[in-house]
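Remarks on the structure that follows.
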Amino acid sequence: MCKKVALTGDRPTGCLHLGHYIGTLQSRVHLQHEYDQYVMIADVQALTDYFANPSKISDSLFEVVADYISVGIDPELTTIFVQSEISALPELMMYYMNLVTTSRLERNPTVKTELQQKNFGGEGIPAGFLCYPISQAADITAFKAEVVPVGEDQLPLIEQCNEIVRKFNRLYGVDCLKEAKAHLSQTARLVGIDGKAKASKSLNNAIFLSDSADIVKQKVYSMFTDPDHIKISDPGKIEGNVVFTYLDAFYRDKSEIESLKQQYQKGGLGDTALKSLLNETLQSLLSPIREKRKSLRRDYLYDVIHHGSIKARAIANETLREVKDAIGLNFFNK
Ligand code: TRP
């Protein structure tokens, strides 16, 4: 009867792109039928990066909600809510902070990679950044999520969350917190149109769900292919060829792609023909998404996150009550 809970979140730092679509948005559209699904706009977590520039976050919030709904996440089936509206989350985090050492946080592979990328320098590591895995554990456990659809880079955060769950339940002799499993997408991270790194907002190498048809076309035609494939008759390389990476990800007929690859490797298939095929493929994927987006009014988006946050708040409060009970802290609320 009672459906299991699935929960994910995104940091609202710009519009979502095809990497998000293939990475998790698509699976959320399926999972919402099987699970009681929550999707959180992680504005508090985004502040660990943008605390000095918070308008980036408030400017993106409604864009992200519009992206969700336009790809088919249905607010009737999925609770979409805003992290900063749920004050039980930082409260839970506070109780979990005693169960985690700073050295364990520093050893978390996701944190380690991000530390290298960020290079905090002289002032040292902000506590808010170092502790965000604990905050994420609060997000997941507050809703008793058993399934977390995320990319591979998030696995160490889920492991860290499960360590907290086990430690909490053991220490306080309860079973109110649930361990979660990652639900990984079939496709690995999508590379950017430049072929250099994963598609990302900051590198400006992504195709956004909200890009116009012209921009999509322009981006497809500027994709990195094989620089040595000059004449159509030249044999071409598949590896590192972004057009093939995107066709692999988005073109339905896999056997047709295989024969195109063979032809390309032999010589006789031009980049322009392939780009035109990819452009058609992406246009037919994105055009209904773009149309749906146009029909979404701001007050509707506001209502969606307002109601979602009220519902999410009640559930997180209930878990907080259980957690405080387990520790023996509910003095006035028995
Ligand atoms: N860390 C995730 C990201 O950067 C966002 C996130 C916050 C999240 N809380 C979560 C994801 C809870 C899954 C579950 O995209």
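Numbering (our numbering), first residue to last: 131 to 464.
Beta carbons: idealized from backbone N, C-alpha and C, even for Gly.
For clarity, every value in this text was computed on a predicted model and none was experimentally measured.
Residues that Gln167 bridges to, as DSSP identifies them
Ala136 and Thr208
For Arg336, does the three-state DSSP call read helix, strand or coil?
The question names Arg, yet the displayed sequence has Ala at residue 336. Of the three classes helix, strand and coil, the one that applies to Ala336 here is coil, per DSSP.
Measuring only from the beta carbon, is Leu137 closer than 7 Å to any heavy atom that is part of the ligand TRP?
yes
Between Met223 and the ligand TRP, is there a pair consisting of the residue's CB and a ligand heavy atom that are separated by less than 7 Å?
no
With DSSP collapsed to three states, give me the class of Pro418.
helix
Ala176 burial status per 10 Å Cβ neighbour count (16 or more: buried)
buried
Please name the residue, chosen from Leu148, Glu452, Gly139 and Val350, that lies closest to Asp305 on a Cα-to-Cα basis.
Glu452
Under the three-state reduction of DSSP, which class applies to His436: helix, strand or coil?
helix
Could you tell me the distance, in whole angstroms, from the CA atom of Ala257 to the CA atom of Arg141?
18 Å
Is the Cβ-Cβ distance between Lys186 and Tyr165 less than 8 Å?
no
With a threshold of 7 Å (Cβ to nearest heavy atom), would Ile187 be considered close to the ligand TRP?
no
When Gly252, Ile270, Ala196 and Ile203 are compared against Leu219, the one with the closest alpha-carbon:
Ile270
From Thr209, Glu448 and Leu287, pick the residue whose C-alpha is nearest to that of Val159; which is it?
Thr209
Confirm the yes/no value for this check: CB of Ile270, any heavy atom of the ligand TRP, distance under 7 Å.
yes
Alpha carbon to alpha carbon, how far is Gly281 from Glu369? Give it in angstroms, no decimals.
22 Å
Along the chain, where does the alpha helix (DSSP H) containing Ala176 start, and where does it finish?
Asp173 to Tyr180
Endpoints, the alpha helix (DSSP H) within which Lys311 is located
Not the alpha helix (DSSP H): Lys311 falls in the beta strand (DSSP E), residues Lys311 to Leu314.
Tell me, please, whether the stretch 143–163 touches the stretch 228–248 by the rule of three or more beta-carbon pairs shorter than 8 Å.
no
Check Pro279 in the structure and name its three-state DSSP category.
strand
For the pair the stretch 383–397 and the stretch 423–440, tell me if three or more CB-CB distances fall below 8 Å.
no
Taking the alpha-carbon positions, what's the Glu244 to Pro286 distance?
12 Å
Any heavy atom of the ligand TRP closer than 7 Å to the beta-carbon of Gln167?
no
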